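The following block contains the structure:
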């Protein structure tokens, strides 16, 4: 059985201006020790999905479906049981480490808090374990750093501290929401190496949320492509990049500047139009208005069906062909 | 080696900008030939935006000279600078905070034409219509306000405005880094099309190496306020010489798992030092994979940019190899 199973998850936000469907009937599973990437552009529902797994969304969100973790459904379990899961069995790393760390406490205290609260460690034990964790996440001179405040650390070091907090209780699942987006490229490389290392040494499964296909290519085992709150394609990383099927995926891949290509010889693929408003998500393929392959059939919501082995795609006209050469 | 015989449109020579203790830019020299796209690449804190802001005279340089079409603009007063403003325009990273929220986007795009007295009334109207068409915006968007447009549309308005007076130099400071990939592609295509059509020179500032390789003719790499390597796109991407450039290129992610996972990364130790207290000698030495404790030259002497066409500022790169 999968470690974490999301079944038919929908998330709706109600406001005075009507309701917004941020996630629409999403199902996926995360296996023990795997890195599953959820990739998509702004507004595709990837962060909302991540937040909903631990019920971290504001009260204006209405959730339906199920999030099965062990014998619990995280969407319905009581608050006490959820507190035992949050930060202990499933933990989070966010994009901006400066705003996720408390500026008035030393990093040692912030890591220690997790150990003392969840694992009931004593002061001395927590201190020793904190130093071990700082070492694990590659922070040089842990004994000195432990007494520093977040503002004394660089962005990359702060993100390492966030990861130390997240893995402090040896969680089964780490949810990382754009963990390297705010970082410089040479620093990003180190954080991605660290995530790989965490997975190998601790066996933690990672749900990696990103907009960056380069990050996906670097660390993901499996990939889900999201568009307008729905999953449009899923496959192993190797399969997805070698044989992308959904026109949105092929479009995204062709939109990226690549090594060896030059602007004067070869313009980038543009995807015309804009992402649909989630307020009026159509009862049809959401990508159809921007899709060169769209026809009458696309007026229904395409089911996710395998086009190749273990490679489901939600499209009536799947295929690897690049757009213009259709 | 490629050599431009024509006079450069923009020449930056020995540019220095200090903010108190902070040595944001130190002795940067760049030239921009007519119709050339020069990529200025570096990580946060490398000083690339400060260079742009000095060229635009949004900041007053501490030292050095900036020549625009042969005229030294470094110390010109605002009034003296005004007629030259036509020649030099800029687009910014965030097209939202750089467009006046209380003006319609049509008025924003036409404002430079109006202010320079180049068009008014019906003529201005016709020029704005033409500009909108050039940047791929529907004419009916003219009466909208910036907040009603998407990020990509706003960046197109920024381009229309900057190019309205047909400048010789466009400075683009991270113009696509706030945009989604599919939108970014449209802006990059547009920029290259307009550049080919109008022939302006472009200083393109970015942290994204794949965009530099895609778009630029020449590249300058900055680290901690200095240019450490500069050369043609081909030279820099095919045989990077400076250890920082090599590390930067090796860390860039390739969106293809088979390629990406077989790449060797050069991991840099530590963090970028504070520009308020940069290392003596070579500023990169504290993170340099080549520099050993035993290289006193790196500690004592600041490496000069040397080479022929492809310039490198490193004591440890053999002379003549670059």
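Residue numbers (this note's numbering), protein chains in the order written: chain P, 13 to 338; chain H, 26 to 347.
The beta-carbon is built from N, C-alpha and C at its ideal position, and this holds for glycine as well.
Treat the numbers as computed from the prediction; the structure is a model and nothing was measured.
{"Check": "Using Cβ-Cβ distances below 9 Å, what residues of the segment 139-170 of chain P are close to chain H?", "Outcome": "152, 165, 166, 167, 168 and 169"}
{"Check": "Are the segment 206-217 of chain H and the segment 262-281 of chain P touching by the rule of at least three beta carbon pairs closer than 8 Å?", "Outcome": "yes"}
{"Check": "By how many angstroms is the C-alpha of residue 132 (chain H) removed from the C-alpha of residue 101 (chain H)?", "Outcome": "29 Å"}
{"Check": "Against chain P, does residue 179 (chain H) count as a neighbour if the rule is that its beta carbon must be under 8 Å from one of theirs?", "Outcome": "no"}
{"Check": "Rounded to whole angstroms, what is the Cα-Cα separation between residue 287 (chain P) and residue 153 (chain P)?", "Outcome": "47 Å"}
{"Check": "Quick one: is residue 238 (chain H) near chain P, going by C-beta distance under 8 Å?", "Outcome": "yes"}
{"Check": "So with CB distances below 7 Å, who are the chain P contacts of residue 246 (chain H)?", "Outcome": "Neighbours of residue 246 (chain H) on chain P: none; closest Cβ ~12 Å, over 7 Å."}
{"Check": "Does the segment 186-195 of chain P come within contact of the segment 57-70 of chain P, defined as at least 3 CB pairs closer than 8 Å?", "Outcome": "yes"}
{"Check": "In this structure, how does DSSP classify residue 143 (chain H) when only helix, strand and coil are distinguished?", "Outcome": "coil"}
{"Check": "Would you say the segment 112-127 of chain P touches the segment 140-154 of chain P, given that touching needs at least three Cβ pairs under 8 Å?", "Outcome": "yes"}
{"Check": "Taking only three categories from DSSP, how would you classify residue 221 (chain P)?", "Outcome": "strand"}
{"Check": "Could you tell me if residue 52 (chain P) is buried or exposed, where buried requires 16 or more neighbouring beta carbons within 10 angstroms of its beta carbon?", "Outcome": "buried"}
{"Check": "Measuring CA to CA, which of P:228, P:255 and P:285 is closest to residue 319 (chain P)?", "Outcome": "P:255"}
{"Check": "Express the C-alpha separation of residue 309 (chain P) and residue 173 (chain H) in angstroms, rounding to a whole number.", "Outcome": "32 Å"}
{"Check": "Helix, strand or coil for residue 326 (chain H), going by three-state DSSP, please let me know.", "Outcome": "coil"}
{"Check": "Please classify residue 99 (chain H) as buried or exposed, where buried requires at least 16 other C-beta atoms within 10 Å of its C-beta.", "Outcome": "buried"}
{"Check": "Does the beta carbon of residue 174 (chain H) sit closer than 8 Å to a beta carbon anywhere in chain P?", "Outcome": "no"}
{"Check": "Please report the straight-line C-alpha distance between residue 168 (chain H) and residue 258 (chain H), rounded to a whole angstrom.", "Outcome": "41 Å"}
{"Check": "Name the residues in the segment 232-257 of chain P whose C-beta lies less than 7 Å from a C-beta of chain H; which are they?", "Outcome": "249, 250 and 253"}
{"Check": "Please name the residue in P:317, P:173 and P:124 whose C-alpha comes closest to that of residue 243 (chain P).", "Outcome": "P:317"}
{"Check": "Could you check which residue in P:161, P:88 and P:98 has the C-alpha nearest to that of residue 115 (chain P)?", "Outcome": "P:161"}
{"Check": "Is the Cβ of residue 206 (chain H) closer than 8 Å to any Cβ of chain P?", "Outcome": "yes"}
{"Check": "For a contact meaning CB atoms closer than 7 Å, what does residue 264 (chain P) contact in chain H?", "Outcome": "206 and 207"}
{"Check": "Can you tell me where the beta strand (DSSP E) with residue 33 (chain P) in it begins and where it stops?", "Outcome": "30-42"}
{"Check": "Might you give, ordered along the chain, the residues of its own chain that have their beta carbon closer than 7 Å to the beta carbon of residue 314 (chain P), omitting 5 neighbours on each side?", "Outcome": "297, 326, 327 and 328"}
{"Check": "State yes or no: is the beta carbon of residue 34 (chain P) nearer than 8 Å to at least one beta carbon in chain H?", "Outcome": "no"}
{"Check": "Residues of the segment 285-300 of chain H in Cβ contact with chain C at a cutoff of 8 Å, in chain order, please.", "Outcome": "Among the protein chains of the structure shown, namely P and H, there is no chain C."}
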